[in-house]
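Accompanying notes for the structure given below.
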Amino acid sequence: MNRQRVAILGATGSIGVNTLDVIERHPDRYEVVALSAATRVEPLLAQCAKFKPRFAVMTDAAAARELARRVEAERLPVTVLSGEGALEKVVVRDDVDTVMAAIVGAAGLASCLAAARAGKRLLLANKEALVVGGDLFMEAVRAGGATLLPIDSEHSAIFQSLPEDAATWQDRVDKIILTASGGPFRRREPATLRDVTPDQAVAHPNWVMGRKISVDSATMMNKALEVIEARYLFGLPPERLEVVIHPQSVIHSMVQYRDHSVVAQLGTPDMRVPIAYGLAWPGRIASGAEPLDFTRLADMTFESLDSHGHRERFPGLQLAWDALRGPAGTTAVLNAANEEAVAAFLDRRIRFDQIHGVNLATLERVSPSKPRELADLLALDARARQAARDAIAVAG
Ligand code: NAD
Ligand code: MG
1 MNRQRVAILG
11 ATGSIGVNTL
21 DVIERHPDRY
31 EVVALSAATR
41 VEPLLAQCAK
51 FKPRFAVMTD
61 AAAARELARR
71 VEAERLPVTV
81 LSGEGALEKV
91 VVRDDVDTVM
101 AAIVGAAGLA
111 SCLAAARAGK
121 RLLLANKEAL
131 VVGGDLFMEA
141 VRAGGATLLP
151 IDSEHSAIFQ
161 SLPEDAATWQ
171 DRVDKIILTA
181 SGGPFRRREP
191 ATLRDVTPDQ
201 AVAHPNWVMG
211 RKISVDSATM
221 MNKALEVIEA
231 RYLFGLPPER
241 LEVVIHPQSV
251 IHSMVQYRDH
261 SVVAQLGTPD
271 MRVPIAYGLA
281 WPGRIASGAE
291 PLDFTRLADM
301 TFESLDSHGH
311 RERFPGLQLA
321 WDALRGPAGT
331 TAVLNAANEE
341 AVAAFLDRRI
351 RFDQIHGVNL
361 ATLERVSPSK
371 PRELADLLAL
381 DARARQAARD
391 AIAVAG
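Mapping of the sequence shown onto UniProt numbering: position 138 corresponds to residue 138, and the numbering continues sequentially without gaps.
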């Protein structure tokens with residue numbers, strides 16, 4: 001059997017490291033051909049020494065020079081690349097079968113689109129790329145004949161709970177129900193959210209993740225992005241996408257069928273499960289995750305968004321449905337605003353409870369025209385970021 005040749009974009013991040021952990025368990029099945037990171041040389045160098053990829057891409061030029069120097073000193077058989085378009089050039093290569101898209105934010109959009117157009121097997125962790133790319137992203141997947149496999153645990157769960165004959169399932173399905181843990185502030189008095197510090201916001205009860213997605217989990221903007229992600233991935237209209245709070249994160253999401261049968265996917269909260277599924281689909285391989293011990297499972301509980309003051313505590317969640325009902329491009333505007341607002345919060349330029357106001361103000365000020373190509377999306381993203389920065393300057 002030929003080994004699957006994998007490029008991992010965002011290799012030094014939480015998803016990247018978990019992907020390498022799964023791959024390491026199956027040296028007979030997977031070969032790492034390329035790794036990428038933004039700025040951190042040491043962890044990427046260590047990964048290069050261990051996995052000996054043909055290419056290492058660093059988007060930061062100074063970091064790339066430093067990595068090249070170290071790779072040469074250690075005589076590693078790795079070519080270091082940087083600069084405009086390096087990621088896009090690597091993902092379309094003939095010796096790359098599979099691309100793990102694990103960059104955080106819209107920064108991963110161009111490489112995702114390139115992989116989609118080149119017909120790769122695309123493992124999508126980078127939800128922001130799909131929220132920005134929307135229908136254009138899905139068209140690139142179709143046009144390129146790519147295989148798009150969701151890595152976000154909820155979307156992997158939905159994918160695993162849907163019938164395999166994808167062409168006809170939409171008339172059999174009533175709705176998709178995404179579960180949400182509610183994050184670290186599920187019981188917090190809404191009025192006290194103004195005092196939240198960055199360290200409190202990134203301390204998630206069930207998952208260890210990068211800082212940006214951790215803040216998004218605390219505001220529940222992560223679930224808003226996931227509702228939008230589900231819309232584009234599975235094609236159901238927004239009113240057939242629901243969210244229920246399930247603090248234990250055992251059920252990763254569910255599909256309710258016409259006959260009211262519900263199919264769910266369960267497991268311990270460990271991202272290696274959806275990563276292993278994406279790598280092996282339609283097969284299954286060992287992931288390294290602990291099995292679920294049903295005899296030790298505490299209660300599984302559920303809360304409606306309309307209970308416990310959740311709508312007031314998490315006002316951003318509703319923006320998913322609002323943005324999906326807006327003109328094409330609105331979800332890109334929301335994503336850009338949120339990326340800027342989260343960065344400003346982590347830099348202590350705005351308070352936690354001001355993130356939502358920045359997102360709202362940006363949506364009000366930026367009216368998108370239908371994006372037709374990547375350049376339109378990038379221009380819209382830049383315009384929305386400028387409006388968000390203006391709103392941040394006023395708020396801060
Ligand atoms: P992270 O911050 O831990 O890692 C991000 C990676 O992207 C790093 O390797 C970094 O070097 C690289 N990167 C950052 N900015 C970049 C840029 N401008 N250009 C190129 N590379 C850049 O993030 P993460 O938690 O691993 O999340 C990655 C993606 O996966 C996000 O879109 C997130 O929403 C999604 N995701 C993560 C989890 C999780 O458990 N961590 C779960 C579901 C989905
Ligand atoms: Mg998720």
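Beta carbons: idealized from backbone N, C-alpha and C, even for Gly. Note that this is a predicted model, so its numbers are computed, not measured.
Taking the continuous beta strand (DSSP E) assigned at residue 58, which residues delimit it? 55–58
CB of residue 83 within 8 Å of CB of residue 118, strictly: Taking 8 Å as the Cβ cut-off, residue 83 and residue 118 do not qualify as a contacting pair.
Based on the DSSP secondary-structure assignment, which residues constitute the bridge partners of residue 121? 98, 147
Is it the case that the CB of residue 161 approaches a heavy atom of ligand 3 more closely than 7 Å? You won't find ligand 3 in this model; what it holds is ligand 1 and ligand 2.
Would you check whether ligand 1 has a heavy atom nearer than 7 Å to the C-beta of residue 102? Yes, the beta carbon of residue 102 sits closer than 7 Å to at least one heavy atom of ligand 1.
Determine the closest residue to residue 234 out of 72, 302, 362, 177, with distance taken between C-alpha atoms. 177
Just to confirm, does residue 40 get its C-beta within under 7 Å of one of the non-hydrogen atoms of ligand 1? Of the heavy atoms belonging to ligand 1, at least one sits nearer than 7 Å to the Cβ of residue 40.
Starting from the Cα of residue 111, find the closest Cα among 121, 85, 39, 155 and give me that residue. 85
Rounded to whole angstroms, how far is the Cβ of residue 116 from the Cβ of residue 16, which I believe are closer than 8 Å? That pair is no contact at about 19 Å.
Quick one: what's got a C-beta closer than 7 Å to residue 21's C-beta in the same chain, skipping five residues either side? 272, 288
Between the Cα of residue 296 and the Cα atoms of 275, 250, 220, which residue gives the shortest distance? 250
Counting only runs that start and end within the UniProt domain "DXP reductoisomerase C-terminal" (266–386), where is the alpha helix (DSSP H) found for 4 or more residues in a row? 272–280, 310–313, 319–325, 330–346, 355–365
Count the other CB atoms within 10 Å of the CB of residue 2; is the residue buried (16 or more) or exposed (fewer)? exposed
Residues passing the C-beta test against ligand 2 heavy atoms, cut-off 7 Å: 152, 153, 154, 222, 226
Quick one: give me the first and last residue of the alpha helix (DSSP H) that residue 153 is part of. 153–161
Within the region 170–230, ranges of the beta strand (DSSP E) (whole runs, at least 3 residues): Runs of the beta strand (DSSP E) inside the region 170–230: 173–180.
Any chance the region 158–167 sits against the region 119–135, with 3 or more Cβ pairs inside 8 Å? no
When you compare each of 238, 198, 372 to residue 352 by their alpha carbons, which one comes out closest? With respect to the C-alpha of residue 352, the residue from 238, 198, 372 having the closest C-alpha is 198.
Output the distance between the C-alpha atoms of residue 135 and residue 348, rounded to the nearest integer angstrom. 35 Å
Can you determine whether any heavy atom of ligand 1 sits closer than 7 Å to the C-beta of residue 50, and answer yes or no? no
For residue 15, is the beta carbon positioned less than 7 Å from some heavy atom of ligand 1? yes
Under 8 Å, with one C-beta from each stretch per pair, do the region 334–348 and the region 252–259 reach the 3-pair mark? no
For ligand 1, any of its heavy atoms closer than 7 Å to the Cβ of residue 207? yes
State the DSSP-derived secondary structure class of residue 104, mapped to helix, strand or coil. coil
Can you list the alpha helix (DSSP H) stretches of 4 or more residues lying completely in the region 6–78, in chain order? Runs of alpha helix (DSSP H) with 4 or more residues, each lying fully within the region 6–78, are found at 14–24, 41–51, 61–73, listed in chain order.
From which residue to which residue does the alpha helix (DSSP H) around residue 88 run? 86–91
For a test of the three-state rule: what should DSSP assign to residue 1, helix, strand or coil? Of the three classes helix, strand and coil, the one that applies to residue 1 here is coil, per DSSP.
So, helix, strand or coil for residue 139, using DSSP? helix
Separation of residue 205 from residue 36, as counted between CA atoms: Computed Cα separation, rounded: 29 Å.
Identity of the residues DSSP links to residue 253 by a beta bridge: Its beta-bridge partners are 178, 265.
CB-CB length for residue 19 against residue 285, believed under 8 Å: Wrong, their Cβ atoms sit about 13 Å apart, outside the cutoff.
Could you pull out every residue in the same chain whose Cβ sits closer than 6 Å to the Cβ of residue 210, ignoring the five residues on either side in sequence? 13, 14, 104
So, are the CB atoms of residue 449 and residue 34 less than 8 Å apart? No information on residue 449 is available, as it lies outside the stretch 1 to 396 that the chain covers here.
Compute the minimum distance between the beta carbon of residue 213 and the heavy atoms of ligand 1, and state whether it is under 7 Å. yes
How should residue 294 be labelled, buried or exposed, when 16 other C-beta atoms within 10 angstroms of its C-beta is the threshold for buried? exposed
Is the separation between the beta-carbon of residue 380 and that of residue 342 shorter than 8 Å? no
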